[in-house]
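Working notes, beginning with the structure itself.
Numbering (the numbering used here), first residue to last: 4 to 1148.
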């Protein structure tokens, strides 16, 4: 009966877990932005992994909460009949133990809660580190982050250590408690003058053994599981009660032709703020009414509330006062493109049915045809967060998704900043003004050259609309921005400039190249236009997670123990474990001896019996405490080496493995190693020793018992090997089926506003439910094998007890009848124990797979020496000059030497203090050149800085000497101060100076905490432009001789851009500066320009020379595409810079 009951319970628990998990996912899709600000991805992943895992365990011992007291009553009655009043002493001891236990389990649940919060923090930090690993490597911040994680880990371990010590104490009571109860009852009985016979002594022992398991083990474990369950339910309830977005209720019905003239978007004196702590509202007094067909450009400086306006229209930003009316369908492209782990086509269709004609148009209008040729068709997997694509490709795919959806209003949040001018113009002309000409398009942009074609321009500043009007009206009113526009217009001279005729040719001669990091196999190229739908539907799948095969060797146990402590400690623990068991079995054996000598019961016997029991208690406690402290050391050590391994490995690893997979090891597997493994392992050791003790006692009384014992063990052994080979692989399968759920969840949280705007909630919920079903099927199979195993073990045990009883009946020991009692009670206590032991040993192997997975990451191949060897260490002030020269420099992203080169044998020399601009179409290898400079991937050939080949020196020495302002500005959660200076090298004045240089000083000083202000996860409480400025401040602080800017001013408005450029010219006058730019005006006054195309260097010279004397005219073509008037303006700037240079020489 027992096993089907357990199976039913576990199945029920699984159903509960799946139901709650789905509810959590559906809730996450409805979280408001404010609630999302308080929850982090790490926290939610922890809710789904660790907290929901409690459901699986909560019901197992739930029924003992009422069974326990019932058994106690029945047993007390029988005991009283045996030994009268003396029986009460033992029962009182068992009952006294309950309040202690209840107190301890209360304490455990409080500590659990604390641990959960601390684990949340650590997992959240890990999530940020994995997402921003490239930036961490470029800044050489591995050490401060390592310290930070170690600190979080230490505080987490201190909670876990307490929980484990409490668990250990409870475990040691298991072995001692019933023995003490027996001892007290029998002692009382003898001292009160009762006569101790074998039959009495052993029936008492049998009853206490039955009680022991219920009262000491199942009842308390039921209570503590119930308490933990309550904590989990409270946490889930807290999450489910978070505020929800209004975005779902805003969507007005379909627009029919009746609204033609009516506004689709209307805001009246609208005011809003992200959360109520903000003093200033992000939007105030917004009055605007927009109706189709028109193209509305929203411009304004960094942080002026442009994105907030879009979020308000989407309904993500709740209004405090005023009216907001939105009608018709909305489509949205976010500022930071959000892609999920699927093929490019799925990313664009996003759950909509395929309309081939429209799809082709969209692809053409979003300039994706060329990329599809390079990517081998649209079936390519993009990897998590679009890891395998360049920034421009991600932006265009995100735009294509927005445009493919049939809607009335299109909200495009700065889609043009990540692409180069040529593609930008194509997108603007073909897509926004062509394809969407009958719709209402609201475009946030910093690209002023497009404004004259907009029907309406909205200028925002500090959350208010400072002007609305057409291009002509703006020119007349003397707006501050108007001035910028006016200068722009004069350059544009004849404003009806001829359409760029170069566009056609340039598209053919410029091949681009896309990064191919997480592509695994290449299937035949299918261009989108081929009318035959791709025949090869086996989509390119991302790399699968590796699964280790076979048994867990002894080596892994060795590594686990030696990770945290020396051999002396291991030997000490072994000694105490053995001692405990010898004392326990000795006590049992002594009882039968005492019964035999009962007539001459002397006080010495009583003293010996008391001594044995006292020593037992001391040994049992010492054993558990020592064991757990050893396990905790191992756990801490394993985490630190694993973090070291992951943070020092090459970037390729992070492209090939989605973050959910890496997080799974830091959350789930470490949770197993911290909390479940030590208890299970100690349990196993205890059970193994108990069984050895029982067999020892049996065989001393009658050596013939060896025969049936050996038979039984052979049967067990075969059963166990049979079971383990199945269950081990099932468990691994189940663990791997778990990762996609987490990856999917974290991707969803990152793209919430896009998902809601596109109304794709159902699609993603289906996807998530599908991942859950796959996981459940693995889990259910695992459960049923587990139960069947237990059932057969129990059958064998019953057979064994029967055989032992029969043998003692036919072949009784002559001189000592007490021994029969001893034998039968021992054999009976064995039944449950063996089954539980087999079960735990299997559980132990399964938990050891977690150790194995952690060890795998510990031995990841490092990307290179972190510190330089002493003989090669560059001097402190290296590089003094900043001379960079490359010979036959090639770069590949893949460790495999046969992989494609992304840069192909470049040769160039950059003189000290030169300002170099690097240009080329999207994916031409501009960012790859920076990768080569930082040695983030695999370099071939030589790259020499100031006579030192960078391949010879440590990565830390190299990277700390080059400043970088990366393409995607990354901030980490913490204070603003740690984001600027994690090593704490600089004084506050220095930090304030740097902030002043980047024009953030006023904004930061207005915050209540100044430099100590909190930065949210991923810096989401700062606008993208402000994050870019913080990155610039970091570079100013470092004062290195070489500065690299990757698209540094893509997300800021032209005014801030001009300020930044002047700051850079002033602060970095004596440095070598490399700038990758899409806006040509930022690099037109550089000393020289490097033009890359498909990974080769096509032109290298001063901008003026390239525009006038170059024969290949690649750069000339690029400048020409910005428009005729702008071409003349840029040529003039280049000429001035050229003359200045000649004069200075």
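Yeah, the Cβ is synthetic: ideal placement off N, Cα and C, and Gly gets one too.
Check: How big is the Cα-Cα spacing for residue 438 and residue 1010?; Outcome: 44 Å
Check: Taking 8 Å as the cut-off, decide whether the C-beta atoms of residue 327 and residue 273 are in contact.; Outcome: yes
Check: Beta-carbon within less than 6 Å of residue 415's beta-carbon, same chain only, minus the 5 sequence neighbours each way: which residues are those?; Outcome: 336, 446
Check: Take residue 1027 as the anchor and find which of 304, 363, 323 has the nearest alpha-carbon.; Outcome: 304
Check: Tell me, please, whether the region 897 to 909 touches the region 994 to 1007 by the rule of three or more beta-carbon pairs shorter than 8 Å.; Outcome: no
Check: For residue 730, which of helix, strand or coil comes out of DSSP?; Outcome: helix
Check: Does DSSP put residue 1135 in a helix, a strand or coil?; Outcome: helix
Check: Among 812, 846, 808, which one has its Cα closest to the Cα of residue 732?; Outcome: 846
Check: Just how far apart, CA to CA, sit residue 937 and residue 900?; Outcome: 19 Å
Check: Of all the options 756, 885, 804, which has the alpha carbon lying nearest to the alpha carbon of residue 912?; Outcome: 885
Check: Answer yes or no: do residue 669 and residue 126 have a C-beta to C-beta separation smaller than 8 Å?; Outcome: yes
Check: Closer than 6 Å by C-beta to residue 657: which residues in its own chain qualify, once you throw out the five before and the five after it? Chain order, please.; Outcome: 136
Check: Quick one: is residue 990 buried, meaning 16 or more other Cβ sit within 10 Å of its Cβ, or exposed?; Outcome: exposed
Check: Would you mind giving the Cβ-Cβ distance between residue 1002 and residue 1062, rounded to the nearest angstrom? I have them listed as a contact below 8 Å.; Outcome: 6 Å
Check: Is there contact here, the region 617 to 629 with the region 728 to 742, by at least three beta-carbon pairs under 8 Å?; Outcome: no
Check: Looking at the structure shown, is residue 520 part of a helix, part of a strand, or coil, going by DSSP?; Outcome: Per-residue confidence for residue 520 stands at a pLDDT of 29, beneath the threshold of 50, marking its modelled position as unreliable; the derived number appears in the next sentence. If DSSP states are grouped into helix, strand and coil, residue 520 belongs with coil.
Check: I need the DSSP call for residue 703, collapsed to helix, strand or coil.; Outcome: helix
Check: Do residue 711 and residue 807 have their C-beta atoms within less than 8 Å of each other?; Outcome: yes
Check: What are the start and end residues of the alpha helix (DSSP H) that includes residue 67?; Outcome: 67 to 86
Check: Short check: CB of residue 1133 to CB of residue 1122, under 8 Å?; Outcome: yes
Check: According to DSSP, which residues form a beta bridge with residue 473?; Outcome: Answer by DSSP bridge pairing: none, since residue 473 is not bridged.
Check: Can you tell me whether residue 105 is helix, strand or coil according to DSSP?; Outcome: helix
Check: Tell me the rounded alpha-carbon separation between residue 1146 and residue 1036.; Outcome: 32 Å
Check: Taking the straight line between their C-alpha atoms, what separation do you get for residue 988 and residue 974?; Outcome: 19 Å
Check: Could you tell me whether the region 384 to 402 touches the region 416 to 425, where touching means 3 or more Cβ pairs closer than 8 Å?; Outcome: yes
Check: What residue range is occupied by the uninterrupted alpha helix (DSSP H) comprising residue 813?; Outcome: 764 to 813
Check: On the premise that residue 854 lies in contact with residue 665, defined as a C-beta separation below 8 Å, what is that separation, rounded to the nearest angstrom?; Outcome: Not quite, the Cβ-Cβ distance comes to about 17 Å (not below 8 Å), so this is no contact.
Check: Within a Cβ cutoff of 8 Å, which residues of the same chain sit near residue 459, ignoring the five residues on either side of it in sequence?; Outcome: 293, 297, 298, 299, 300, 471, 472, 473
Check: Between the Cα of residue 690 and the Cα atoms of 607, 150, 702, 836, which residue gives the shortest distance?; Outcome: 836
Check: Could you spell out where the beta strand (DSSP E) holding residue 1099 opens and where it closes?; Outcome: 1099 to 1104
Check: Check the C-beta distance from residue 893 over to residue 971 and give it rounded, since I have them as a contact under 8 Å.; Outcome: About 25 Å separates the two Cβ atoms, so there is no contact after all.
Check: Quick one: what's residue 126 bridged to in DSSP?; Outcome: Answer is none; residue 126 lacks a bridge partner.
Check: Just how far apart, CA to CA, sit residue 1144 and residue 1136?; Outcome: 12 Å
Check: Ends of the beta strand (DSSP E) at residue 412?; Outcome: 412 to 416
Check: Mapping the DSSP letters down to three states, classify residue 951 as helix, strand or coil.; Outcome: strand
Check: Any contact between the region 330 to 347 and the region 752 to 769? By contact I mean 3 or more CB pairs, one from each, below 8 Å.; Outcome: yes
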